[in-house]
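A.B. asks: There's a structure below that I have some questions on.
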Amino acid sequence: MAANRTQSPHLPLGDRRDTAFYGQDILEVAQFRRADLSYIFGVAREMREMVERIGSFDLLKGKILASLFYEPSTRTASSFTAAMERLGGSVIPISEVRYSSVSKGESLPDTVRSLECYADVIVLRHPEVGAAKLAARYARKPIINAGDGIGEHPTQALLDLFTIVEESGRVDGLTITLLGDLKNGRTVHSLARLLSMYDVKLNFVSPESLAFPDKILAELDERGIPWEAHRELEEVLPRSDVLYVTRVQKERFDDPDHYARVKDAYVITPEILARARPQMVLMHPLPRVGEISMEVDTDPRAAYFRQMEYGMYVRMALLAMVLGKA
Amino acid sequence: MAANRTQSPHLPLGDRRDTAFYGQDILEVAQFRRADLSYIFGVAREMREMVERIGSFDLLKGKILASLFYEPSTRTASSFTAAMERLGGSVIPISEVRYSSVSKGESLPDTVRSLECYADVIVLRHPEVGAAKLAARYARKPIINAGDGIGEHPTQALLDLFTIVEESGRVDGLTITLLGDLKNGRTVHSLARLLSMYDVKLNFVSPESLAFPDKILAELDERGIPWEAHRELEEVLPRSDVLYVTRVQKERFDDPDHYARVKDAYVITPEILARARPQMVLMHPLPRVGEISMEVDTDPRAAYFRQMEYGMYVRMALLAMVLGKA
Amino acid sequence: MAANRTQSPHLPLGDRRDTAFYGQDILEVAQFRRADLSYIFGVAREMREMVERIGSFDLLKGKILASLFYEPSTRTASSFTAAMERLGGSVIPISEVRYSSVSKGESLPDTVRSLECYADVIVLRHPEVGAAKLAARYARKPIINAGDGIGEHPTQALLDLFTIVEESGRVDGLTITLLGDLKNGRTVHSLARLLSMYDVKLNFVSPESLAFPDKILAELDERGIPWEAHRELEEVLPRSDVLYVTRVQKERFDDPDHYARVKDAYVITPEILARARPQMVLMHPLPRVGEISMEVDTDPRAAYFRQMEYGMYVRMALLAMVLGKA
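As given, the protein sequences belong to chains A, B and C, one line each in that order. Residue numbering for the first sequence is 11 to 336, as defined by our numbering. Residue numbering for the second sequence is 11 to 336, as defined by our numbering. Residue numbering for the third sequence is 11 to 336, as defined by our numbering.
So, in structure tokens, the structure goes:
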């Protein structure tokens with residue numbers, strides 16, 4: 011959303027819950043206060059109840075979502091499409107950007123200003139950091155950031171947090187362990203920032219070369235969030251309420267021996283889960299490529315497919331909210 | 011559909027017609043008994059009547075189909091999309107699989123378990139034999155096989171048979187001639203298996219190197235289906251009630267002279283049709299590349315475009331049935 | 011639409027306004043008389059009012075559009091998709107033609123005759139001149155030409171003219187200046203032909219090597235349309251009511267110096283606009299790549315994004331009309 015607004019869309023919304031997010035952009039996790047999150051999750055919970063009861067409904071009937079993906083992401087695009095369709099709305103899918111006028115040199119501002127002539131809201135996936143903010147600066151209609159390079163992917167962070175809330179019944183008081191490549195994963199960075207608004211303990215388990223960034227650790231310190239960094243999962247597994255697993259990509263390692271050594275330590279198997287709490291929530295942003303054994307899938311603690319479903323509810327909530335229908 | 015069902019979805023359904031196919035997968039022609047076919051075709055006929063009368067209706071309003079195509083097939087994908095849309099449902103199209111997370115190494119079971127978080131039914135096209143069965147083993151929602159390599163393509167076989175039923179008014183008593191490359195075409199293999207449940211005579215016309223497989227001929231013998239193999243169409247054309255033409259691909263021939271010789275013998279022209287029965291049904295799975303002359307298109311016996319339309323009705327019927335709305 | 015019609019779809023429609031265009035093809039601007047244009051724009055204006063009031067409505071509920079794009083055009087495809095969805099209809103998107111059965115050698119007539127088994131109307135984009143007419147010769151359902159190579163793109167011409175009508179309140183009496191590459195742009199050729207049905211003055215401003223074609227100038231002479239050809243915009247800018255800017259592609263120039271010289275003369279900046287009329291309408295078919303400075307975007311005369319929106323209304327009107335619902 012471009013100018014002519016009495017309030018920046020990036021400012022926290024305080025307690026104006028009735029019109030919260032109407033016409034606003036969803037660009038980064040920093041735009042949310044804790045009260046915003048409660049509100050979003052409340053709406054997402056209503057979405058879940060409606061879907062479980064009647065599947066779809068016509069809250070956004072007649073509304074059109076432009077799904078503008080400059081790089082492919084089947085999962086995220088499908089999730090937004092399903093969210094819009096379950097609310098009775100329609101989708102203009104634009105995924106062949108590389109073949110089209112866009113790749114002929116048209117600027118992102120021109121593309122979004124064209125698309126908003128047709129659509130009511132634009133979901134944007136783009137390989138460059140800051141693309142969503144740039145789009146929002148020019149667009150009259152709401153922009154939802156569906157990932158801009160190594161920058162932000164706020165709807166992923168929201169669905170991760172919503173999964174924790176729904177599976178654990180709370181966030182305050184939880185010990186949450188993040189595992190894997192914590193250096194490169196924007197997912198865990200954004201999640202940690204959201205979690206820092208709550209009373210949690212964080213554990214970071216990764217090889218030293220893939221450690222969680224100091225910059226965000228400093229932010230956690232500022233907010234008084236206790237955290238520990240570890241190299242071995244077993245040191246923290248028994249006292250974790252949530253275990254969030256991410257992919258360890260071979261290419262990230264300088265030393266192949268190091269990769270071979272840590273890789274197996276970070277694969278979740280039934281044997282490893284045997285040492286975890288009976289109510290622990292096991293999460294993964296998917297796709298996984300070996301980080302969690304398929305034998306674990308039937309364990310009730312395996313929440314990663316439910317996590318996908320929570321994602322649809324969160325996106326339904328966001329779409330309804332920015333379109334003023336929540 | 012995965013476990014927790016009192017009955018395997020692959021068992022014939024006997025006479026439980028009221029709940030037939032609800033929540034079931036559509037994987038292979040062997041899962042159908044003759045009574046199943048009658049039931050499916052009855053529903054398909056109702057779909058046809060509704061479409062002819064009012065175009066579309068809201069039987070599946072709010073339902074979402076995930077259309078998961080690991081290889082392109084414009085025709086089949088469009089047919090399922092149209093079927094879902096004419097029933098008031100929505101579609102999540104996933105056709106760029108090669109560019110997406112799926113190609114990053116995610117397993118088919120993970121992909122279908124992710125998609126079923128969003129969708130109510132999954133249509134799967136995959137280049138590997140057995141892919142649909144694998145998907146169905148893991149999925150909670152119904153899987154419809156839209157072709158798995160040289161394996162099965164059950165909805166094509168059903169629409170072929172439905173075309174014969176609708177155009178001829180019956181199946182029992184018919185003489186049906188299959189022409190072209192009968193060795194490699196999964197279409198004619200599946201159709202022959204379905205036809206073997208009826209009282210039919212089958213003619214197979216092909217070059218020797220592209221003959222119908224002995225394995226399926228043995229199945230026909232077991233079921234007491236009379237059949238003849240020929241090299242020349244003219245030997246059986248005058249006594250055929252149905253002529254099903256398939257493509258003869260040059261690449262299949264070892265000897266180019268052989269190809270040049272048989273190719274023309276298998277091209278249907280008005281002159282050839284002059285020797286066929288006045289009520290004969292001329293079919294082709296399309297696309298054709300020269301096997302049937304365009305001059306034949308205006309002949310009332312040319313049923314191949316109507317065949318496409320019957321396909322939509324059959325797919326509407328299957329979607330409604332597996333979603334419990336037939 | 012194929013034969014069995016009492017009247018050719020390409021003949022002007024005279025004053026049979028009640029059933030105008032029902033079941034007809036939209037192939038080329040030459041098929042329209044001035045009365046047709048008034049009628050189309052009247053319907054487009056109703057579409058605009060409805061969209062501004064309620065966003066979407068169910069005029070084409072249950073109708074299906076096959077969007078068949080043999081070459082990518084995000085903008086045009088999105089516009090038709092939005093138009094269909096805002097009318098409550100559905101879309102079968104077929105944009106991967108190069109990977110599919112079509113590219114396996116299937117003829118365009120076969121493809122459209124297959125698709126019309128599923129859809130109620132077909133929008134066709136094709137790289138070859140005459141493709142839309144060929145498709146229309148075989149199809150039973152209406153074909154809308156969304157661009158066939160350097161041939162026609164009638165819906166673009168209609169939306170350009172509708173933009174002039176809506177922004178200026180009239181066409182008769184206007185002085186309209188076309189700027190840029192006037193040799194290769196089918197857009198300006200079609201627009202000039204439509205404008206020649208009105209009482210207008212035309213200015214053509216281009217480098218000599220990219221001048222407006224003599225053939226169409228002769229047509230203008232025949233119709234008594236006064237026109238002038240210029241090399242410099244400043245000669246005609248102050249007396250222009252409409253300025254239609256097109257892209258000047260470097261590749262079109264034999265002499266790089268020439269390109270460098272004219273290029274800047276043809277870039278619209280706030281300084282240049284200062285010499286234009288206060289009510290002038292500034293248009294561009296988009297995408298632009300530098301022909302209009304982004305600083306101009308906030309000028310109320312900049313109509314190019316509104317032009318996109320008018321395009322959606324024109325396409326809504328055409329879809330409703332050919333489907334008999336206007």
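No residue lacks a Cβ here, since even glycine has one placed at the ideal position from N, Cα and C.
Could you list the residues in the stretch 114-129 of chain A with a C-beta less than 7 Å from some C-beta on chain C, going in chain order?
C.D. replies: Correct list: K114, G115, E116, D120, R123, S124, L125, C127, Y128 and A129.
A.B. asks: What's the C-alpha gap between K130/A and R43/B?
C.D. replies: As written in the sequence, residue 130/A is Asp, which differs from the Lys given in the question. Taking the straight line joining both Cα atoms gives about 49 Å.
A.B. asks: Hey, does R96/C have any beta-carbon neighbour from chain A nearer than 8 Å?
C.D. replies: yes
A.B. asks: Going by other Cβ atoms of all chains shown within 10 Å of its Cβ, with 16 needed for buried, is M304/C buried or exposed?
C.D. replies: exposed
A.B. asks: Ordered along the chain, which non-local residues of its own chain (more than five positions away) have a Cβ less than 6 Å from that of I104/B?
C.D. replies: L78
A.B. asks: Can you list the residues of chain C that P137/A reaches, using a CB-CB cut of under 9 Å?
C.D. replies: Result: empty, since nearest Cβ-Cβ is about 17 Å, beyond 9 Å.
A.B. asks: Are the CB atoms of D307/B and V258/B nearer to each other than 8 Å?
C.D. replies: no
A.B. asks: Ignore the nearest five residues each way along the sequence and tell me which others in K211/B's own chain have a CB closer than 6 Å to its CB.
C.D. replies: T185 and P236
A.B. asks: Name the chain C residues that come within less than 9 Å of I64/B, Cβ to Cβ?
C.D. replies: G72
A.B. asks: If I follow the unbroken alpha helix (DSSP H) through S88/C, where does it start and stop?
C.D. replies: In the DSSP assignment, S88/C falls within the unbroken alpha helix (DSSP H) covering T84 to R96.
A.B. asks: When you compare only the Cα positions, how much space is there between S200/B and T165/B?
C.D. replies: 10 Å
A.B. asks: Alpha carbon to alpha carbon, how far is M290/C from D264/C?
C.D. replies: 33 Å
A.B. asks: Measuring CA to CA, which of E229/B, S216/B, T187/B and V215/B is closest to M207/B?
C.D. replies: Nearest of E229/B, S216/B, T187/B and V215/B to M207/B, Cα basis: E229/B.
A.B. asks: At a CB-CB cut-off below 8 Å, which residues of chain B make contact with I102/C?
C.D. replies: Those are S88, T91, A92 and E95, listed as they occur along chain B.
A.B. asks: Pull up the distance between the alpha-carbon of H136/C and that of A40/B, whole angstroms please.
C.D. replies: Answer to the nearest angstrom: the Cα atoms are 42 Å apart.
A.B. asks: On the three-state DSSP scale, how would you describe L247/C?
C.D. replies: helix
A.B. asks: Which residue's Cα is closest to the Cα of K335/B: T84/B, G98/B and G65/B?
C.D. replies: G98/B
A.B. asks: Taking only beta-carbon atoms, is T84/A less than 8 Å away from chain B?
C.D. replies: It does; some Cβ of chain B falls within 8 Å.
A.B. asks: Counting only runs that start and end within the stretch 177-230 of chain C, where is the alpha helix (DSSP H) found for 4 or more residues in a row?
C.D. replies: 196-205
A.B. asks: Suppose you measure from the CA of D170/B to the CA of Y80/C; what does that come to, to the nearest Å?
C.D. replies: 28 Å
A.B. asks: How close, in whole Å, do the beta carbons of P152/A and G33/A come, if the pair is a contact with beta carbons under 8 Å?
C.D. replies: 6 Å
A.B. asks: Does the beta carbon of L296/A sit closer than 8 Å to a beta carbon anywhere in chain B?
C.D. replies: For L296/A, the answer is yes, since a Cβ of chain B falls inside 8 Å of its Cβ.
A.B. asks: Taking 7 Å as the limit between beta carbons, can you name the residues of its chain near A87/A, skipping five residues before and five after?
C.D. replies: S77, F79 and S105
A.B. asks: Determine the direct distance from the alpha carbon of K71/A to that of Y49/C, and round the result to whole angstroms.
C.D. replies: If you take the alpha carbons of Y49/C and K71/A, they lie about 29 Å apart.
A.B. asks: Which ranges does the beta strand (DSSP E) cover as unbroken runs of at least 3 residues, wholly within the stretch 144-168 of chain A, from first to last along the chain?
C.D. replies: 153-158
A.B. asks: CA-CA distance, S2/A and K193/A?
C.D. replies: The structure shown does not extend to residue 2/A, since chain A is modelled only from 11 to 336, so the question has no answer here.
A.B. asks: Helix, strand or coil for R135/A? Go by DSSP, reduced to three states.
C.D. replies: strand
A.B. asks: Might you give, ordered along the chain, the residues of its own chain that have their beta carbon closer than 7 Å to the beta carbon of E138/A, omitting 5 neighbours on each side?
C.D. replies: D158 and G159
A.B. asks: Just how far apart, CA to CA, sit V332/B and I36/B?
C.D. replies: 8 Å
A.B. asks: Just mark A284/B as buried or exposed, buried being the case when its beta carbon has 16 or more other beta carbons within 10 Å.
C.D. replies: exposed
A.B. asks: Measuring straight from C-alpha to C-alpha, what distance separates Y254/B and L168/B?
C.D. replies: 14 Å
A.B. asks: Express the C-alpha separation of F90/A and R150/A in angstroms, rounding to a whole number.
C.D. replies: 20 Å
A.B. asks: Pick from S124/C, F67/C and D224/C: whose alpha carbon is nearest that of Y339/C?
C.D. replies: What is shown of chain C runs 11 to 336, which leaves residue 339/C out entirely.
A.B. asks: If we count the other Cβ atoms within 10 Å of its Cβ and call it buried at 16 or more, is M182/A buried or exposed?
C.D. replies: Position check: residue 182/A holds Asp in this sequence, whereas Met was assumed. Flag for D182/A reads exposed.
A.B. asks: So is S291/B in contact with chain C if we call contact Cβ pairs under 8 Å?
C.D. replies: Reading off the sequence shown, one finds Val at residue 291/B, where the question assumed Ser. Cβ-Cβ to chain C under 8 Å: no for V291/B.
A.B. asks: Once DSSP output is grouped into helix, strand and coil, what is the label at P310/A?
C.D. replies: coil
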